[in-house]
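Those letters in the sequence shown? Residues 48 to 277, by the numbering used here. Every residue gets a Cβ at the ideal spot worked out from N, C-alpha and C, and that includes glycine. Model, not experiment: these values are computed from the prediction. Following: one structure in structure tokens, then a few remarks.
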Amino acid sequence: MTTRSSLKQPNTVDYTKLEPLPDPPREPDMQQHEHLLYAGSSLRAHFADRDDILISGEGYLRHEATNDAERLAPDCVVTFGVEPKAIVARNGYVISEVGKPPDFVLEVASHSTGRRDYTVKRDGYAGYGVREYWRFDHTGGRFYDAALAGDALVDGSYEPLEIIDEPDGLIWGHSEVLGLDLCWCDGELRFRDPSTGEFLLTPEEGRVALETAEARVAELEAELRELRGQ
């Protein structure tokens, strides 16, 4: 029997002949937006050396393009081994076209999603075959049933991943799919590289790091010119 999670990559889909899918409705939530901005920017920077990874938070996720009743709108999707530009142009993730479900889905809590994310969507993503499903609640558990939670797909059903609550208040769990730790840090979403113990940079931290590096290069070039002039 072929399950949805074992679909093979099709060779017949011509994305240039497909119309973009409609945009899903979105309710503005500034606190949610900041966490999703970090998720997208930090993951794109971390995986910048690969061109076969989709990192997106736009559009519907569905199994068939024509089935409007069977669709979800994830906050953040990560899929390895696909053509990201084609999927983005489609304005949605159609599993039967892509040939595989997303490897990773993240939902960030808001007042309008609340319980649906850890009930209806949890069941839906399991049915789609999403390997890992994570949920982050910046309030610490007011909108969700926990500040941070993750599930891994095992034999078609989700099993909770281990979440560690440190004495200093840091809450974290490890994503085997991403090879990163997901952290709840004083209400902020952070990804951590377990090989270094360092958080992936926020856009602002990245800007400061770049400016610092450029200033250091300019300083070294000035010192080199001075030495050559002696």
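Please name the residue, chosen from R275, E105 and A260, that lies closest to R137 on a Cα-to-Cα basis.
Of the listed residues, the one whose Cα sits closest to R137 is E105.
Would you kindly report the start and end of the unbroken beta strand (DSSP E) that includes Y140?
Per DSSP, Y140 belongs to the beta strand (DSSP E) from G139 to V141.
Helix, strand or coil: which one does DSSP assign to D164?
Note: D164 maps to helix in three-state DSSP.
Hey, would you say A199 sits closer than 9 Å to R182, going by beta carbons?
No, they are not a contact pair.
Pick out the complete alpha helix (DSSP H) segments inside the region 162 to 204, 4 residues or longer, and give them in chain order.
Runs of the alpha helix (DSSP H) inside the region 162 to 204: 167 to 175.
What is the DSSP secondary structure of H221, reduced to helix, strand or coil?
DSSP places H221 in strand when its eight states are reduced to three.
How many Å lie between L225 and V264 at the Cα?
Straight-line Cα distance between these residues: approximately 32 Å.
For A86, I'd like the list of residues in its chain whose CB is within less than 7 Å of its CB, leaving aside the five on either flank, ordered along the chain.
Taken in chain order, the residues that qualify are C123, L153 and L236.
Could you name the residues of the same chain whose beta carbon sits closer than 6 Å to that of G187, not counting the 5 residues immediately before and after it, in chain order?
Excluding residues within five positions, the ones whose Cβ falls inside 6 Å are A194.
Between the Cα of F94 and those of L208, T160 and V125, spot the shortest distance and give me the residue it belongs to.
Ranking the options by Cα distance to F94, first place goes to V125.
What's the call for I279, buried or exposed, on a 16-neighbour Cβ count within 10 Å?
Because the chain in this structure spans residues 48 to 277, residue 279 falls outside the shown range and cannot be described.
If you draw a straight line from the alpha carbon of P75 to that of R169, how long is it in whole angstroms?
Here P75 scores only 47 on pLDDT, less than 50, and its place in the model is too uncertain to base an answer on.
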